[in-house]
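Everything below concerns the one structure shown next.
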Amino acid sequence: MSMDEVRLLFVASSKEQMIAVNTLIHKIDTPHFRLDWVVDDQKALAHLDEFRHHIDVVIYTLADREKGMPTITGMLERFPELALIVLQDFEHPASAMELIEKGVQDVWQKENLTVAGVRDSILFARARQKQAIMLREEAHDSSLLKQRLNSIIHNDQDALLVVDQNGMILFSNPPAEKLFKRSAPELFGAVFGIPVTGPDSKPAAVTVTDDPGKHIEMSVTMIWWEKQKAWLCRLRDMTRYHMAQEMMKENEEKFQAIAAGARDAIIHINELQNIAFVNDAVATLFGESGASVLNKPFYEVFGRQTDLTDLVGQAWEGQQDQQKEIHIVRGDGSVLPVDISISAFKRRGKRQLVCILRDISERQRTQFQLMQTQSELKEALQSLKANQRKMMQMEKLNSVKELAGALAHEFAQPLQALYNYLHLIQTSDAHEVYFQKSREMLNRISDLTGSLKNITSLRKKDYLDSQIIDLFASSDPISFGNGTRVLIIDDEQEILETLIDIFNNAGYICRGAADGQDALEVMEMAEFDLIISDVMMPRMSGPTFFRRVREQGYEGRFIFLTGYEHPDEERSLMEQADAVIHKPVSFNELLSKVDSVLLKSAVKV
Amino acid sequence: MKDVELSLYVQTMDRRSNKILARLIKYCDEHFGQGYKLHLVDLSKSTGQASPLAVPALVREFPLPKRQAVGDFTDINRIMLTLNLLIQ
Numbered sequence: 001m002s003m004d005e006v007r008l009l010f011v012a013s014s015k016e017q018m019i020a021v022n023t024l025i026h027k028i029d030t031p032h033f034r035l036d037w038v039v040d041d042q043k044a045l046a047h048l049d050e051f052r053h054h055i056d057v058v059i060y061t062l063a064d065r066e067k068g069m070p071t072i073t074g075m076l077e078r079f080p081e082l083a084l085i086v087l088q089d090f091e092h093p094a095s096a097m098e099l100i101e102k103g104v105q106d107v108w109q110k111e112n113l114t115v116a117g118v119r120d121s122i123l124f125a126r127a128r129q130k131q132a133i134m135l136r137e138e139a140h141d142s143s144l145l146k147q148r149l150n151s152i153i154h155n156d157q158d159a160l161l162v163v164d165q166n167g168m169i170l171f172s173n174p175p176a177e178k179l180f181k182r183s184a185p186e187l188f189g190a191v192f193g194i195p196v197t198g199p200d201s202k203p204a205a206v207t208v209t210d211d212p213g214k215h216i217e218m219s220v221t222m223i224w225w226e227k228q229k230a231w232l233c234r235l236r237d238m239t240r241y242h243m244a245q246e247m248m249k250e251n252e253e254k255f256q257a258i259a260a261g262a263r264d265a266i267i268h269i270n271e272l273q274n275i276a277f278v279n280d281a282v283a284t285l286f287g288e289s290g291a292s293v294l295n296k297p298f299y300e301v302f303g304r305q306t307d308l309t310d311l312v313g314q315a316w317e318g319q320q321d322q323q324k325e326i327h328i329v330r331g332d333g334s335v336l337p338v339d340i341s342i343s344a345f346k347r348r349g350k351r352q353l354v355c356i357l358r359d360i361s362e363r364q365r366t367q368f369q370l371m372q373t374q375s376e377l378k379e380a381l382q383s384l385k386a387n388q389r390k391m392m393q394m395e396k397l398n399s400v401k402e403l404a405g406a407l408a409h410e411f412a413q414p415l416q417a418l419y420n421y422l423h424l425i426q427t428s429d430a431h432e433v434y435f436q437k438s439r440e441m442l443n444r445i446s447d448l449t450g451s452l453k454n455i456t457s458l459r460k461k462d463y464l465d466s467q468i469i470d471l472f473a474s475s476d477p478i479s480f481g482n483g484t485r486v487l488i489i490d491d492e493q494e495i496l497e498t499l500i501d502i503f504n505n506a507g508y509i510c511r512g513a514a515d516g517q518d519a520l521e522v523m524e525m526a527e528f529d530l531i532i533s534d535v536m537m538p539r540m541s542g543p544t545f546f547r548r549v550r551e552q553g554y555e556g557r558f559i560f561l562t563g564y565e566h567p568d569e570e571r572s573l574m575e576q577a578d579a580v581i582h583k584p585v586s587f588n589e590l591l592s593k594v595d596s597v598l599l600k601s602a603v604k605v
Numbered sequence: 606m607k608d609v610e611l612s613l614y615v616q617t618m619d620r621r622s623n624k625i626l627a628r629l630i631k632y633c634d635e636h637f638g639q640g641y642k643l644h645l646v647d648l649s650k651s652t653g654q655a656s657p658l659a660v661p662a663l664v665r666e667f668p669l670p671k672r673q674a675v676g677d678f679t680d681i682n683r684i685m686l687t688l689n690l691l692i693q
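Quick note, the sequences are listed as chains A and B, same order. If you read the first sequence in the working numbering, its first letter stands for residue 1, the second for the next number, and so on. If you read the second sequence in the working numbering, its first letter stands for residue 606, the second for the next number, and so on.
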C-alpha cells in the first residue's frame, strides 16, 4: 500500500451502478484508487467496523431518502475520521445542503459525474477530512496541555511571574499574589522589571519591597508566551533555608573556635572511617607537620598508633564511651602518655566517632616531682630532728652551766661567812661565839651538799632555787657607831652580820640592809661615806640600787661584793662603781680594797 | 537634561548595596562622563515613594521609554545591556 493510494468503499444500490462508478474511477491515472464495494447498508457498517483503518473515503449511494438518511447519520457518528461522499440517485438540492451541513464532504448527482470531477471530489474530501482530524486532535491536545500547565502553575509552591520584554507582568500564580500582596488583576500589566540573573544563570537574591524580611531567590527561564518571547521568573522563599544556614555557620564557627582553643587533640572520624576534622592540637601532640589529613582514611594516617587504632576499632564495634590511658608514638619516635576518650554519635543515621586526647606527660612529671619532693622533705625532717636533739643537748649543757654558776654562788656565801668568822676568831675576844658560828656554817655547807645529792635532773633547779636559797633569809638591820660611815647590803644574813661585826671592830661606823629597797629606806635617815653591796638580792638588785642612789645624788664610794658571774648589762653598771670584789674574799683583802678606795677619795678631795 | 538618567532602588544601604552603587558609579563615570544623573533611593529611609515590586532595581528614567531591570547586579555590563545602555 503506497502512500499515494486512495482507498475507497463504495456502498452501491445496484450492481450496474457499481460498474458505472468503477469504470469512471479506473479512468483516473493518478493517484491510484482502490475500490471495495458492498450493496447492503448493514454490510457496509460491518465492513467499516472491521477495516476502518484501511479506508480513506466512503461513497454512499442514497437511493431512498427515508431509508438512507439514518445510515448516513450513523456512519458520520461512528466513523468521524472517514470522509463521506453521497451519490444521489435523485435530484434534490435541499437534500444536498442538508447532507453537507451534517458533515458529508461532497454530494454527487448521478447524471453529472465526470472523471475529473470524481477525482477532485475524492481527493478534496480526503484532504479536508485529514485536516479536520488534525485540527480536532490539536484542539484536544492544546486543551489538555493548558489544563496540565494550569495545574502545575497553580500548585507550585514558588511564586511564578511571566514578564514580557519590557518588564511588564503578563501572568502571576497564586503564590505570587501572596508574595506581592496583590491580586492577579493588580499584578497584570504592572512593571516588575527585566529579570537579570547572576553569572551562569545563578539565581539572583532579591528583596520584595512589601516584605523586606524575606530572602527571595529569583531564577529566570526564557519562554514563549502568546507568540512572543517572555521570561518566566520563579521566586523562591529561602528565608528558612538562610536562617538554617546561618545557624549552621554559627554552630560551625563556635565548634571551630572551641576546637581551636582546646589544648586537647580532637579527631572526628566519619562513617567512611575517614578523618572529617582535626584541630591544631593534633599536629602538636603527634609532633607531625601540618600536612592536611582531612578526608584521609583514619587507619592510614594513624596506622602506627596501635594503642589508638585498637581503641577506635573497639569503638566501631559498638563499645561505648571508651576512656583510657594509652601511649602514642610522636613524629620524632618518642613515646608520650595520653588520656583518651572516644565517644560515638550519629549523623544522618550513620555512626561517627570523636576522639579526644590529652597529653598527661606533664601530669606524670609533676607526680614524679611531688614524690621526689616528698622524699626530700622526709630527709630534711630527719636532719631537723637531729639538729633539734643537738639543740636540746646544748640547752641542757647551758642549763648545767647555769646550775654550776648558781651552785658557785650558793657555796660562795657560806664560805665568805666562814672566812669572816675565822678572821673574827683571830682578831676578836669572843672566840667561842665565832667558833660556834663557824661550826654552824660548816654544817650548813654540809647540808647544802646533802641537798645537792638529791638534784639528779634539771627540773630540780627549781627545787634548788626555792630550798637552798631560802636557807639564807634576809637579816635585821644593826645599830650605828662612829668613824667612817659604811652601809653594808647583803641578803645573806650571816655574811651581813659578820661583815658588820668586822667593820665595827675595825673602827668603822657600820650599818646593814637586806637588799636595795631596804637600803634606800636606811639612806633616807642617814648619810654614808661608803656603800658595800651584794649584787643578787631579792626586791632590788645591787646594780639597780647603785643607779638609784647615784640618781638621788649619793657621792660617796661604792663597792660591789659578788659571788657570781653577771650578764653584760649588769656588769657595765657595776664597772661604774669604785670596785668590784669577788667572793669568797679574805677579810684582810677586803679591808685593804676598802682602804684603797677610801684613799682614792681622800686624794681626790 | 542629561544624556542618561538612572534610579537605583535598594532596600537598605548595606554592604551589598554599597558595592552595587560603587560599580554603577564607576561604569557611568567611565562611559557617560558628566552626561549622566544617578538617583539613589534607599527604601528603608524614603516613605510614601512608589517603589518597585522587588529590589535591587535599576530604572532607566531617560532616554525614554522607561526601562527597569531587577535581580543580580554582580555584572554591571549585563544590567546595562538589559537597559540598552551598554557601551563597549
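Built from N, CA and C at the ideal position, the CB exists for glycine as well.
In this structure, Pro-297(A) is the residue among Phe-255(A), Pro-297(A), Leu-285(A) with its C-alpha nearest to the C-alpha of Glu-271(A).
Of the residues assessed, Gly-189(A) falls on the exposed side of the cut-off, its CB having fewer than 16 other CB atoms within 10 angstroms.
A direct Cα-Cα distance of roughly 14 Å separates His-636(B) from Leu-688(B).
In this structure the region 572 to 589 of chain A does not lie against the region 612 to 625 of chain B, because fewer than three pairs of beta carbons, one per stretch, are closer than 8 Å. Chain-ordered, the chain B residues with CB closer than 7 Å to the CB of Phe-180(A) read Leu-658.
Residues of the region 191 to 210 of chain A with a Cβ closer than 9 Å to any Cβ of chain B, in chain order: Val-191, Phe-192, Gly-193, Ile-194, Pro-195, Val-196, Thr-197, Gly-198, Pro-199, Lys-202, Pro-203, Ala-204, Ala-205, Val-206, Thr-207, Val-208, Thr-209, Asp-210. 8 Å or more divides the Cβ of Asp-529(A) from the Cβ of Asp-491(A).
With a cutoff of 8 Å on beta-carbon distance, Val-301(A) and Ile-269(A) are scored as not near each other.
Considered as a whole, the region 517 to 604 of chain A harbours 542 to 551, 568 to 574, 587 to 604 as its complete alpha helix (DSSP H) runs of no fewer than 4 residues, in chain order.
When Cβ-Cβ separations below 8 Å define contact, Thr-679(B) makes contact with chain A. In this model, Trp-316(A) and Gln-323(A) are separated by some 14 Å (Cα to Cα). By the neighbour-count criterion, in which a residue is buried when 16 or more other Cβ atoms sit within 10 angstroms of its Cβ, Pro-185(A) is exposed. Secondary structure at Gly-450(A): helix, using DSSP grouped into helix, strand and coil. For the 8 Å CB-CB criterion, Tyr-421(A) and Ser-399(A) do not form a contact. Within the DSSP secondary-structure output, Gln-323(A) pairs in a beta bridge with Ser-341(A). Residue-level contact check: Ile-692(B) does not touch chain A, since none of the beta carbons of chain A fall below 8 Å from its beta carbon. The Cβ atoms of Leu-643(B) and Leu-611(B) sit closer than 8 Å to each other. Within the region 25 to 37 of chain A, contact with chain B at the beta-carbon level (separation under 7 Å) is assigned to no residue. For a Cβ distance threshold of 7 Å, residue set Val-196 of chain A lies close to Ile-684(B), ordered along the chain.
Residues of the same chain with a CB within less than 6 Å of the CB of Leu-9(A), apart from the 5 flanking positions on each side, are Asp-36, Ile-55, Val-58 in chain order. Of the other Cβ atoms in all chains shown, fewer than 16 fall within 10 Å of the Cβ of Gln-369(A); this residue is therefore exposed. Here Ala-265(A) is not near Asn-251(A), since their CB atoms are 8 Å or more apart. Between Gly-167(A) and chain B, the shortest Cβ-Cβ separation is below 8 Å. In the three-state scheme derived from DSSP, where H, G and I count as helix and E and B as strand, Phe-277(A) is classed as strand. When DSSP reads this structure, Ser-201(A) sits in no beta bridge, so it has no partner. Ranked by how close their Cα comes to the Cα of Gly-287(A), the residues Thr-207(A), His-242(A), Ser-334(A) have Ser-334(A) in first place. In the structure shown, Thr-207(A) falls within a strand segment according to DSSP collapsed to helix, strand and coil.
Under the three-state reduction of DSSP output, Ser-219(A) falls in the strand class. The region 111 to 118 of chain A makes no contact with the region 65 to 78 of chain A, as fewer than three CB pairs between them are under 8 Å. Closest in alpha carbon position to Ile-216(A), among Leu-235(A), Lys-229(A), Pro-199(A), is Leu-235(A).
Judged by DSSP secondary structure, Val-301(A) falls outside any beta strand (DSSP E) and instead within the alpha helix (DSSP H) spanning 298 to 301. Against chain A, the beta carbon of Thr-652(B) has no neighbour under 9 Å; the closest one sits roughly 12 Å away. At a Cβ-Cβ threshold of 8 Å, Val-208(A) and Phe-180(A) count as neighbours. Its chain contains no residue whose beta carbon lies nearer than 7 Å to that of Glu-440(A) once the 5 sequence neighbours on both sides are disregarded. In summary, the residues of the region 209 to 236 of chain A whose CB is separated from some CB of chain B by less than 9 Å are Thr-209, Asp-210, Pro-212, Ile-216, Met-218, Val-220, Cys-233, Leu-235, in the order they occur in the chain. In terms of beta-carbon proximity, Val-646(B) stays away from the interface with chain A, with every pair separated by 8 Å or more.
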